[in-house]
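So the protein sequences, as listed, match chains A and B.
Residue numbering for the first sequence follows the working numbering, starting at 534 and increasing by one per position.
Residue numbering for the second sequence follows the working numbering, starting at 2 and increasing by one per position.
The structure appears right after this line, and notes come after that.
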Amino acid sequence: MSLRRVFATAGRVLLQLLHDPRTIGLMLVVPCVLITLLKYVFDKQPLVFNSVAPMLLGIFPLLMMFLVTSIATLRERKTGTLDRLMTMPISKFDFIFGYAVAFSLLALVQACVVSAVTLGLLGVTVLGGTVSVLLAAVLAALLGTSLGLFVSAFATSEFQAVELVMPILMPQILLCGLFVPRDQMAQALQWLSDVFPLTYSVDAMRQITTHAAWTSQLVRDLLVVVGCAILALILGSITIRRQE
Amino acid sequence: MRSICYTAYVMEVMITARDVSVVLGGRYQALKQVSFELEQGKITGFIGPSGAGKTTLIRAIVGRQRIKAGTITVLDQKAGSPGLRSRVSYMTQEASVYSDLTVQQNVLYFARMLGFRGKQAAEVCAQALARVAMTDKTGVLVSSLSGGQKQRVSLAIALLGDPELLVLDEPTVGLDPVLREQLWGLFRSLAQDGKSLIVSSHVMDEAERCDDLLLIRDAQLVAHDTPQKLCQQTGTKTVEQAFLKLAGGTA
Numbered sequence: 534m535s536l537r538r539v540f541a542t543a544g545r546v547l548l549q550l551l552h553d554p555r556t557i558g559l560m561l562v563v564p565c566v567l568i569t570l571l572k573y574v575f576d577k578q579p580l581v582f583n584s585v586a587p588m589l590l591g592i593f594p595l596l597m598m599f600l601v602t603s604i605a606t607l608r609e610r611k612t613g614t615l616d617r618l619m620t621m622p623i624s625k626f627d628f629i630f631g632y633a634v635a636f637s638l639l640a641l642v643q644a645c646v647v648s649a650v651t652l653g654l655l656g657v658t659v660l661g662g663t664v665s666v667l668l669a670a671v672l673a674a675l676l677g678t679s680l681g682l683f684v685s686a687f688a689t690s691e692f693q694a695v696e697l698v699m700p701i702l703m704p705q706i707l708l709c710g711l712f713v714p715r716d717q718m719a720q721a722l723q724w725l726s727d728v729f730p731l732t733y734s735v736d737a738m739r740q741i742t743t744h745a746a747w748t749s750q751l752v753r754d755l756l757v758v759v760g761c762a763i764l765a766l767i768l769g770s771i772t773i774r775r776q777e
Numbered sequence: 002m003r004s005i006c007y008t009a010y011v012m013e014v015m016i017t018a019r020d021v022s023v024v025l026g027g028r029y030q031a032l033k034q035v036s037f038e039l040e041q042g043k044i045t046g047f048i049g050p051s052g053a054g055k056t057t058l059i060r061a062i063v064g065r066q067r068i069k070a071g072t073i074t075v076l077d078q079k080a081g082s083p084g085l086r087s088r089v090s091y092m093t094q095e096a097s098v099y100s101d102l103t104v105q106q107n108v109l110y111f112a113r114m115l116g117f118r119g120k121q122a123a124e125v126c127a128q129a130l131a132r133v134a135m136t137d138k139t140g141v142l143v144s145s146l147s148g149g150q151k152q153r154v155s156l157a158i159a160l161l162g163d164p165e166l167l168v169l170d171e172p173t174v175g176l177d178p179v180l181r182e183q184l185w186g187l188f189r190s191l192a193q194d195g196k197s198l199i200v201s202s203h204v205m206d207e208a209e210r211c212d213d214l215l216l217i218r219d220a221q222l223v224a225h226d227t228p229q230k231l232c233q234q235t236g237t238k239t240v241e242q243a244f245l246k247l248a249g250g251t252a
């Protein structure tokens, strides 16, 4: 692996996105609009909104980066560019980490914008501070990117890549504690929720919202998120083969 | 390097394939016991109808396709060896370029992946784009190019790094006659510089321009000879007629 090639790949991925301003616009504007919408959904329950909004800051980056990465890598597989790269003197990790770096940077920009709106304009307060929120959001995005990279191997069309959100991310969103606190769900679902990585991303945001200092649970949550991201990257790298 | 001796000259061997078989998807036999030896510094045509196995053979040579049986040796190394990655270039059948980047951004990215840096990277890009006559389109987004122009960008990338062997899968598909002529001129000059080229095509008139031909049909190697000899042996005037005769059809 070479850092130069990782950054060349990250730069290339970001350049591709720059040529697609609508995607960037959707990525930055849509989460802000949705969170603002939610504020008025919980018009009479501002406290509920204050606990739900930060959790969404952990879900949006994961969801978006999952979608963007799975489609982008699917395209690389389908259009022959991956074929070409795999015959060049590069490591597949140059390719994989290039994507991880590019989308983490993009996620940072997204997290800054969405946090500015949520914590600034909408007046949501998090005791743990903005920097922790940004960190947790970027790690969530990294997880989304890694999962997307891995899952793209199982999609043969862009339709499938988008549809895979339903079986892979929807259950995680339903069981992560956003709708109902996890300890009020059926026991079997709690166990299931325990093995879903998104749960930890959302729990991290909750920890940051309710604690001024970093709790050991927050550290555990973030480590689980990073661990799952690395695991998914490794699994993803297995699906990218030099020889088919 | 091993050599094959002919009566008058000694030629260096570029590729040796022995009893190569490829099975796709666990069932479909895409190549059946194909054996041949190709020489350096020549343009070798892989000719045959669509679906005959040309692309599979090409992918096996560049190391992208696993082979079920047999061996392929390229430049004295096993096909797909890490040592070959900067000596062999591969242009896939579909223009493998990023449609949401400009021509320059595409070529520059691949140059960087090949290890070129800074000014040198810019120079090799400019040279490659000049050779495919795309210098005036450097700032254009690939998505707004025509099919033939995309092919040329893809070819420019295959020229980067001065590879010893260029493996080009249908490089002239969709090009107008003038451009096709130009590209064949380019292929010829590369061969004169000592480079070896593999060019696949299902257009028979392109076969006449090759030094050496592999006729492939139904996953098998039907014939391997120069265009002239193929015509002589079959008593035909064109490679197309020769192919039809060899393939059992009527000329």
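Every residue gets a Cβ at the ideal spot worked out from N, C-alpha and C, and that includes glycine.
- Shown here for Leu115 (chain B): same chain residues with a beta carbon closer than 6 Å to its own, the five before and five after excluded, namely Leu161, Gly162 in chain order.
- Per the C-alpha coordinates, the member of A:Val650, A:Val713, A:Gln720, A:Ala719 positioned closest to Asp736 (chain A) is A:Val713.
- The beta-bridge partner set that DSSP reports for Lys79 (chain B) consists of B:Thr74.
- Any Cβ of chain B closer than 8 Å to the Cβ of Gln776 (chain A) would place that residue at the interface, and such an atom is present.
- The Cβ of Val174 (chain B) sits no closer than 8 Å to any Cβ of chain A.
- Pairing Leu559 (chain A) with Pro587 (chain A), the inter-Cα distance amounts to about 20 Å.
- Contact check for Val758 (chain A) against Ser734 (chain A) passes: the beta carbons are separated by less than 8 Å.
- Listed in chain order, the non-local C-beta contacts of Ala112 (chain B) below 7 Å within the same chain comprise Ala122, Val125, Cys126, Leu161, local neighbours out to five positions each way being set aside.
- Burial check for Ile771 (chain A): the Cβ neighbour count within 10 Å stays below 16, so the residue is exposed.
- For Lys43 (chain B), the three-state secondary structure derived from DSSP is coil.
- Using a Cβ-Cβ cut-off of 7 Å, Met621 (chain A) is close to Arg86, Met114, Leu115 of chain B, given in chain order.
- Annotation: Lys151 (chain B) to Lys246 (chain B) spans about 36 Å, alpha carbon to alpha carbon.
- Per DSSP, the continuous beta strand (DSSP E) segment holding Met92 (chain B) begins and ends at 89-92.
- Using beta-carbon distances, Thr772 (chain A) does not count as an interface residue toward chain B, since no partner is under 8 Å.
- By the C-beta density criterion, Ser749 (chain A) is exposed, having fewer than 16 other C-beta atoms within 10 angstroms.
- Using a Cβ distance threshold of 8 Å, Thr742 (chain A) and Gly710 (chain A) do not count as a contacting pair.
- Residues of chain A with a Cβ closer than 7 Å to the Cβ of Ser97 (chain B) are, in chain order, Thr612, Gly613, Thr614, Asp616, Arg617.
- Three or more Cβ pairs drawn from the region 168-178 of chain B and the region 199-206 of chain B lie within less than 8 Å of each other, which places the two stretches in contact.
- For Tyr91 (chain B), the neighbours in chain A by C-beta distance under 8 Å run, in chain order, Asp616, Arg617, Thr620.
- With its beta carbon at least 8 Å from every one in chain A, Val24 (chain B) lies outside the interface.
- Nearest in C-alpha terms to Val154 (chain B), of all of B:Leu102, B:Arg118, B:Glu182, B:Leu191, is B:Leu102.
- If you look at Ala127 (chain B), you'll find it isn't in any beta strand (DSSP E); it sits in the alpha helix (DSSP H) that goes 119-132.
- For Arg555 (chain A), the closest Cβ of chain B is not nearer than 8 Å.
- For Ile592 (chain A), the secondary structure class from DSSP, reduced to helix, strand or coil, is helix.
- Restricting attention to B:Gly71, B:Thr136, B:Leu214, the CA atom closest to the CA of Lys43 (chain B) is found in B:Leu214.
- DSSP places Gln221 (chain B) in the uninterrupted beta strand (DSSP E) bounded by 221-226.
- Taking each of A:Phe593, A:Leu766, A:Leu756 in turn and checking the Cα distance to Ala686 (chain A), the smallest one comes out for A:Leu766.
- Taking 8 Å as the cut-off, the beta carbon of Val223 (chain B) is found no closer than this to the beta carbon of Leu231 (chain B).
- With its beta carbon less than 8 Å from one in chain A, Gly64 (chain B) belongs to the interface.
- At a beta-carbon threshold of 8 Å, the residues of chain B lying near Ala541 (chain A) are Tyr110, Arg113, Met114, ordered along the chain.
- Secondary structure at Gln66 (chain B): coil, using DSSP grouped into helix, strand and coil.
- Pro730 (chain A) has its alpha-carbon roughly 10 Å from the corresponding atom of Gly677 (chain A).
- A direct Cα-to-Cα measurement between His225 (chain B) and Phe626 (chain A) gives close to 40 Å.
- For the region 637-656 of chain A, the set of residues with a beta-carbon nearer than 9 Å to any beta-carbon of chain B is empty.
- The shortest CA-to-CA distance from Pro622 (chain A) to any of B:Leu85, B:Thr93, B:Gln94 is the one to B:Leu85.
- Residue-level contact check: Gly27 (chain B) does not touch chain A, since none of the beta carbons of chain A fall below 8 Å from its beta carbon.
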